[in-house]
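Novice: For the sequence shown, numbering that gives the first Met the number 0 assigns the number 0 to the initial residue and increments by one for each residue that follows. Just so you know, even glycine gets a beta-carbon here, dropped at the ideal spot from N, CA and C.
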Amino acid sequence: MQHFICRVSDDRSTRTTRPSTSGQRATQFLKNWTDERAEGVSCYRQSDLGRGSKKRLGSTSYQNTIPRNSRAGGETNPDYKETFVFVNDYSAVKEEQQDYEPEPSSDDLSSLLLRAEGVKGKCFVLTFSPKHHITLADMPAGEILPVVDTWTRIYAAHLAPTNPLSEVAAALDLMAQEVPPESLAPKPAQQLRYMQIFENKGAAMGCSNPHPHCQVWTTSTLPEEPAAEAVQLAKYRREHGGRHLLGDYVRLEAEKWERVVYENGSFLVVCPWWAVWPFEVMIIAKRHVRALVDLTAEERLQFAEAIQEVTRRYDNLFETSFPYSSGIHQAPLEGSDEEVDNSWLHMHFYPPLLRSATVRKFLVGYELLAEPQRDITPEQAAARLRDCGGELYRKKL
0 MQHFICRVSD DRSTRTTRPS TSGQRATQFL KNWTDERAEG VSCYRQSDLG
50 RGSKKRLGST SYQNTIPRNS RAGGETNPDY KETFVFVNDY SAVKEEQQDY
100 EPEPSSDDLS SLLLRAEGVK GKCFVLTFSP KHHITLADMP AGEILPVVDT
150 WTRIYAAHLA PTNPLSEVAA ALDLMAQEVP PESLAPKPAQ QLRYMQIFEN
200 KGAAMGCSNP HPHCQVWTTS TLPEEPAAEA VQLAKYRREH GGRHLLGDYV
250 RLEAEKWERV VYENGSFLVV CPWWAVWPFE VMIIAKRHVR ALVDLTAEER
300 LQFAEAIQEV TRRYDNLFET SFPYSSGIHQ APLEGSDEEV DNSWLHMHFY
350 PPLLRSATVR KFLVGYELLA EPQRDITPEQ AAARLRDCGG ELYRKKL
């Protein structure tokens, strides 16, 4: 039985991301792991904030991202009209941290069981709009398109020169356009391995700033979730004559239609067969698109349309501002030709709501200790989301 995301082979390691406790540097960001399990979970804790940091972090609000307002670090936002990119005032990973030096070997079992590597990178915040009272569900596709374009420019600017996608990015129509400086992210001081674009929407997903925005984390290592996908994508191609797992999956779902929520010329939106969350969906490119820079201008607009359809249907489902975490998976910034070619652009949406605006799913008990269980089938979820198209509910109020 083929899984897209599944338990990976036993040579994979459990990795937990956290600061060093060696006293070397309080802000050092590490990946710690052991071989006890075949898959891991990443987390982080900034230990250099010091006393009073909780109050400082808790004061974050939409006021910090409004045009012309001052942020926590004292910088003043420009009078931006569309998107705005800035380095996160509380970045989880940093470029300037010291290189990790492992502690001297000891006679106990630490050297056998406990391993670590340093992680460097940069974290950006990207606001979707200068309007603080809207979400993606409120924005027409034409207003979401600048967000997609900004994602694409940031990704292109961070590509390794050796990545085959760098030539594609250089010829991209977007790169020849003049854009305001607030829509550009600074280039990294060193080459990084991966870029994760993600959005946490709603307090239920830990979002402390209601201004419409996402985050972009660039890291020197390949994170667990994309790494697990990469293993399965490569395995499927080896075992099936070079065919792509997600390419075959798109054809299967388009033929059956049971789990399809929406489609346009370039993208298919489905409640995936392996979904864990009740109304989990994926936006999948219909053709082989390795990363955002592979998209044409028309495809970028259709990607924006697909995002708008998903978020609007979510809000219409329970007539609430639907919480979720979403993120784009694509080719790494630095990788082999094979690794890049194995990649297939897609976007995950993980929403917690189950039966109403106030009843959510919790991963507890058996699901934490054994394996996840579904409360409704993907087919039922897709049918309900298909029926939630049309005008956004709050425009009728």
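What are the start and end residues of each continuous beta strand (DSSP E) run of 3 or more residues lying completely inside the stretch 91 to 143, in chain order?
Specialist: 114 to 117 and 120 to 126
Novice: Helix, strand or coil: how does DSSP classify Thr217 here?
Specialist: Residue state, collapsed to three classes: strand.
Novice: Within 10 Å of its beta-carbon, does Glu390 have 16 or more other beta-carbons around it, so buried, or fewer, so exposed?
Specialist: Answer is exposed; the Cβ neighbour count stays below 16.
Novice: Got a sec? Which residues, its chain only, sit under 7 Å from Val147 by beta carbon, not counting five neighbours each side?
Specialist: Arg299, Phe302 and Ala303
Novice: State the DSSP-derived secondary structure class of His157, mapped to helix, strand or coil.
Specialist: DSSP places His157 in helix when its eight states are reduced to three.
Novice: Just the C-alpha distance for Pro66 and His131, rounded to the nearest angstrom, thanks.
Specialist: 10 Å
Novice: Closer than 7 Å by C-beta to Gln195: which residues in its own chain qualify, once you throw out the five before and the five after it? Chain order, please.
Specialist: Trp216, Pro222 and Gly326
Novice: According to DSSP, what are the bridge partners of Gly397?
Specialist: Residue coverage of the chain in this structure runs from 0 to 396, which leaves residue 397 outside it and unanswerable.
Novice: Tell me the residue span of the beta strand (DSSP E) that contains Glu262.
Specialist: Val259 to Glu262
Novice: Comparing C-alpha positions only, which one of Val124, Asp293 and Val275 sits nearest to Pro377?
Specialist: Val275
Novice: At which residues does the beta strand (DSSP E) containing Val358 begin and terminate?
Specialist: From DSSP, Val358 is part of no beta strand (DSSP E); its letter is neither H nor E.
Novice: Within the continuous alpha helix (DSSP H) that includes Ile306, where are the two ends?
Specialist: Taken as a continuous stretch (DSSP letters only), the alpha helix (DSSP H) holding Ile306 covers Ala296 to Phe317.
Novice: Give a yes or no on contact between the stretch 152 to 164 and the stretch 184 to 193, applying the rule of three or more CB pairs nearer than 8 Å.
Specialist: Cβ pair count under 8 Å is three or more, so yes.
Novice: Bridge partners of Ala226, per DSSP?
Specialist: Paired residue(s): none; Ala226 is not in a bridge.
Novice: Give the single residue among Ala296, Trp343, Asp336 and Asp340 whose Cα lies nearest to the Cα of Gly141.
Specialist: Ala296
Novice: Mind checking Gly264: buried by the 16 CB within 10 Å criterion, or exposed?
Specialist: exposed
Novice: With DSSP run on the structure shown, which of helix, strand or coil describes Leu352?
Specialist: strand
Novice: Check whether the stretch 120 to 129 and the stretch 161 to 171 touch, using three or more Cβ-Cβ pairs below 8 Å as the test.
Specialist: no
Novice: Helix, strand or coil, according to DSSP, for Ser69 in the structure here?
Specialist: strand
Novice: Can you tell me where the alpha helix (DSSP H) with Leu404 in it begins and where it stops?
Specialist: Outside the shown range of the chain (0 to 396) lies residue 404, about which nothing can therefore be said.
Novice: If we count the other Cβ atoms within 10 Å of its Cβ and call it buried at 16 or more, is Glu333 buried or exposed?
Specialist: buried
Novice: Less than 8 Å between the beta carbons of Asp98 and Ala71, yes or no?
Specialist: no
Novice: So the beta strand (DSSP E) Ala284 belongs to, where does it begin and stop?
Specialist: Judged by DSSP secondary structure, Ala284 falls within the beta strand (DSSP E) whose first and last residues are Val280 to Ala284.
Novice: Quick one: what's Leu267 bridged to in DSSP?
Specialist: Glu262 and Ile283
Novice: What is the residue span of the alpha helix (DSSP H) that Asp178 lies within?
Specialist: For the sequence presented, residue 178 should be read as Val rather than Asp. Segment: none, Val178 is in no alpha helix (DSSP H) and carries neither H nor E.
Novice: In chain order, what residues of the same chain have a beta carbon less than 6 Å from the beta carbon of Leu384, not counting five sequence neighbours either side?
Specialist: If we look at Leu384 and ignore the five residues flanking it on each side, its Cβ neighbours are Val260 and Arg312.
Novice: Beta carbon of Cys270, beta carbon of Arg286: below 8 Å?
Specialist: No, they are not a contact pair.
Novice: Could you tell me whether the stretch 173 to 181 touches the stretch 76 to 94, where touching means 3 or more Cβ pairs closer than 8 Å?
Specialist: yes
Novice: Along the chain, where does the alpha helix (DSSP H) containing Val397 start, and where does it finish?
Specialist: Absent from the structure is residue 397, since the part of the chain shown begins at 0 and ends at 396.
Novice: Would DSSP call Val275 helix, strand or coil?
Specialist: Here Val275 sits in coil by DSSP.
Novice: Taking Pro351 as the reference, give the member of Tyr193, Ser335 and Pro322 with the closest Cα.
Specialist: Pro322
Novice: Going by DSSP in three states, Val86 sits in which element: helix, strand or coil?
Specialist: strand
Novice: Is DSSP giving Thr151 helix, strand or coil here?
Specialist: helix
Novice: Quick check on this structure: which residue in Glu228, Asp314, Leu368 and Arg393 has the alpha carbon closest to the alpha carbon of Gln329?
Specialist: Glu228
Novice: Identify the residues that DSSP records as bridge partners of Thr75: which are they?
Specialist: Ser69
Novice: What separation, rounded to the nearest whole angstrom, lies between the Cα atoms of Arg443 and Leu353?
Specialist: This structure cannot speak to residue 443, because the chain is shown only from 0 to 396.
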